[in-house]
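So the structure is just underneath, and the comments pick up after that.
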Amino acid sequence: MLYQLLKPVAVTGINLFFNSISVENQERIPNKGPVIFAANHPNTMMDPLIVGANCNRRVSILARSTLFSNKVYAWLLGLIGIIPVYRKIDAESDMVRNEDMFAATYRHLEKGHALLIFPEGISTPERIIHKVKTGAARIGLGAEASNDFNLNVQLVPAGINYSAVTKFRSDVHCRFGRPIAMTDFQDQYEADNRSAVQTVTTQLRQALKKLTTTVTDQADADIVQSLETIYKKELTVDLGLDKHSKDDEFKVSKGIIRAVEWFSDNKPKWSHKMKQSITQYISILDKLKIRDDFLSTSRSKVTFGRRLQSWFFLVFGFPVFIYGWILNYLPYKLSGILAVRAVKGHFADLSSKKMLFGMGLFIFWYTGILVLFYNIIDNEMWTALFFLTFIPSGNFTLLYFRKAQNYGQHLRFMTIFYQKRKLLYRLIEKRISIIHELNRAKEDYFAKNIRDDSS
Numbered sequence: 002m003l004y005q006l007l008k009p010v011a012v013t014g015i016n017l018f019f020n021s022i023s024v025e026n027q028e029r030i031p032n033k034g035p036v037i038f039a040a041n042h043p044n045t046m047m048d049p050l051i052v053g054a055n056c057n058r059r060v061s062i063l064a065r066s067t068l069f070s071n072k073v074y075a076w077l078l079g080l081i082g083i084i085p086v087y088r089k090i091d092a093e094s095d096m097v098r099n100e101d102m103f104a105a106t107y108r109h110l111e112k113g114h115a116l117l118i119f120p121e122g123i124s125t126p127e128r129i130i131h132k133v134k135t136g137a138a139r140i141g142l143g144a145e146a147s148n149d150f151n152l153n154v155q156l157v158p159a160g161i162n163y164s165a166v167t168k169f170r171s172d173v174h175c176r177f178g179r180p181i182a183m184t185d186f187q188d189q190y191e192a193d194n195r196s197a198v199q200t201v202t203t204q205l206r207q208a209l210k211k212l213t214t215t216v217t218d219q220a221d222a223d224i225v226q227s228l229e230t231i232y233k234k235e236l237t238v239d240l241g242l243d244k245h246s247k248d249d250e251f252k253v254s255k256g257i258i259r260a261v262e263w264f265s266d267n268k269p270k271w272s273h274k275m276k277q278s279i280t281q282y283i284s285i286l287d288k289l290k291i292r293d294d295f296l297s298t299s300r301s302k303v304t305f306g307r308r309l310q311s312w313f314f315l316v317f318g319f320p321v322f323i324y325g326w327i328l329n330y331l332p333y334k335l336s337g338i339l340a341v342r343a344v345k346g347h348f349a350d351l352s353s354k355k356m357l358f359g360m361g362l363f364i365f366w367y368t369g370i371l372v373l374f375y376n377i378i379d380n381e382m383w384t385a386l387f388f389l390t391f392i393p394s395g396n397f398t399l400l401y402f403r404k405a406q407n408y409g410q411h412l413r414f415m416t417i418f419y420q421k422r423k424l425l426y427r428l429i430e431k432r433i434s435i436i437h438e439l440n441r442a443k444e445d446y447f448a449k450n451i452r453d454d455s456s
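Start counting the sequence shown at 2; every next residue gets the next number (the working numbering).
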């Protein structure tokens, strides 16, 4: 009952928090029968909400036992089907209680229900797949072994990709992988259960790597981020892909990651030199506080008509911006401040804390404003109309702020152009040189990999 009540609230919360949530391959999810969803874990509380809201199944989540330290929380978590996992890093003495956890998951799968597990065992916002633990494989194979391999348990990998893992109104792209059938490993499990568990775990890790834009170490993550900044749009157009498609955007990011890894392995000296050049270029941009796309030679010219349109928007939209700012700024700002203090440096929790604080503060703030407005106006219809402006005005304020920031970037670029023209020309030349090298590397990469694939 509590699950059915909370799910619409959670879905509403994530839809308000994120700008867009796109999902791929939902058709791969079995409509019935026992399923284990196994996902990467960059965002502590948002990840289960993203998967749970988009998998078309009711899921019970395996979560760290420390969440159950409070008896009231433990009772509530139990009501919505969350199962505690006792990790070594949390409490060594409680590890024996994992036998209860395995028994609970087996019963769950025997009833044909779905589980959600995060096999990395930890949640960090870095763009890295950490070591995948064996828990998902042990649960799936163990449940099958307890039922003579007649359950048909399916392990479904899920990749969660955030455009900015801690940022309000960012984008999320969730991709489901092909199910891994536990019955396929019956012979191997009966001969050597540890070997079967490792095989399934290896397959799961490979699937998660394919479904996410993650890398093997943080150094590669930084260079991939930089390449996405200066080369992703150009590469998308060059490959004939749609820059507005999340699927195509994912493909380009994966291509960049594979290329970075390939050049690191096959041409380490060139790769190191290129990384230094790109890092230096990005560092100069950061110091000047200008965006890369202002230096792009392929940047489309802004026509007088578009410039005039922007002016009209900024001038005539300003009163609406002020209205939305007055209605929404205080709870918006306060929720961010409280969230930063609450996470205490554990930024994988930041966006979920922002959402939780935001929902509470906005409800309290909106209620107070409505009561005050009604007491002044004493008219139900006008109060209802006033309420309907709250969220749209907030969204408009964010849009206006982004447009104003963009125009401010343009003014800053023009100021630097007139004050430090030579520096800007050198920076543009450096960018052209980087793009030229990247284009040569792209041709080399495609030629080598196409030839390798065909041999």
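Built from N, CA and C at the ideal position, the CB exists for glycine as well.
Open item on the list: According to DSSP, simplified to helix, strand and coil, what is Glu-235?
Closed with: helix
TODO: Please name the residue in Cys-56, Ile-123, Ala-138 whose C-alpha comes closest to that of Lys-132.
DONE: Looking at the Cα atoms, Ile-123 is the closest of the given residues.
Task: Nearest residue (CA-CA) to Asp-287, options Lys-449, Phe-414, Asn-153 - done: Phe-414
Task: Three-state secondary structure assigned by DSSP to Asp-453 - done: Its pLDDT being 46, under 50, Asp-453 is placed unreliably in this model, and the coordinates cannot settle the point.
Task: Three-way DSSP call (helix, strand, coil) for Ile-163 in this model - done: Note on identity: in this sequence residue 163 is Tyr, with Ile being the wrong assignment. In the structure shown, the three-state DSSP call for Tyr-163 is strand.
TODO: Verify whether the separation of the beta carbon atoms of Leu-212 and Arg-259 is less than 8 Å.
DONE: no
- [ ] Measure the alpha-carbon distance for Arg-58 versus Asn-151 and round it to whole angstroms.
- [x] Distance from the CA of Arg-58 to the CA of Asn-151, rounded to the nearest whole angstrom, comes to 21 Å.
- [ ] Pick helix, strand or coil for Glu-262, following the three-state DSSP scheme.
- [x] It is helical.
TODO: Give the secondary structure of Phe-119 by DSSP, where H, G and I count as helix, E and B as strand, and everything else as coil.
DONE: coil
- [ ] Evaluate Asn-267 with the Cβ neighbour count: other Cβ atoms within 10 Å of its Cβ, from every protein chain shown; 16 or more gives buried, anything less gives exposed.
- [x] Answer is exposed; the Cβ neighbour count stays below 16.
Task: Reference Gln-204, options Gln-189, Ser-196, Gly-318, Ile-181, closest by Cα - done: Checking every option, the nearest Cα to that of Gln-204 belongs to Ile-181.
Open item on the list: Classify Pro-320: buried if its beta carbon has 16 or more other beta carbons within 10 angstroms, exposed otherwise.
Closed with: exposed
TODO: State the start and end residues of the unbroken alpha helix (DSSP H) segment that holds Val-470.
DONE: Not covered by the structure: residue 470. The range shown for the chain is 2 to 456.
Task: Residues near Ile-129 by beta carbon distance below 8 Å, same chain, minus five either side - done: Thr-215, Val-216, Thr-217, Asp-218, Gln-219, Ala-222
Open item on the list: I need the boundaries of the alpha helix (DSSP H) containing His-273, first residue and last residue.
Closed with: 269-289
Open item on the list: Going by the DSSP bridge assignment, what does Ile-65 pair with across the sheet?
Closed with: At residue 65 the sequence reads Arg, which differs from the Ile that was named. Arg-65 pairs with Val-86.
Open item on the list: Using 8 Å as the cut-off, can you tell me whether the segment 366-385 makes contact with the segment 338-358, which would need three or more C-beta pairs spanning the two stretches below that distance?
Closed with: no
- [ ] Output the distance between the C-alpha atoms of Thr-468 and Gly-395, rounded to the nearest integer angstrom.
- [x] In the structure as shown, the chain begins at 2 and stops at 456. Residue 468 is therefore absent and cannot be evaluated.
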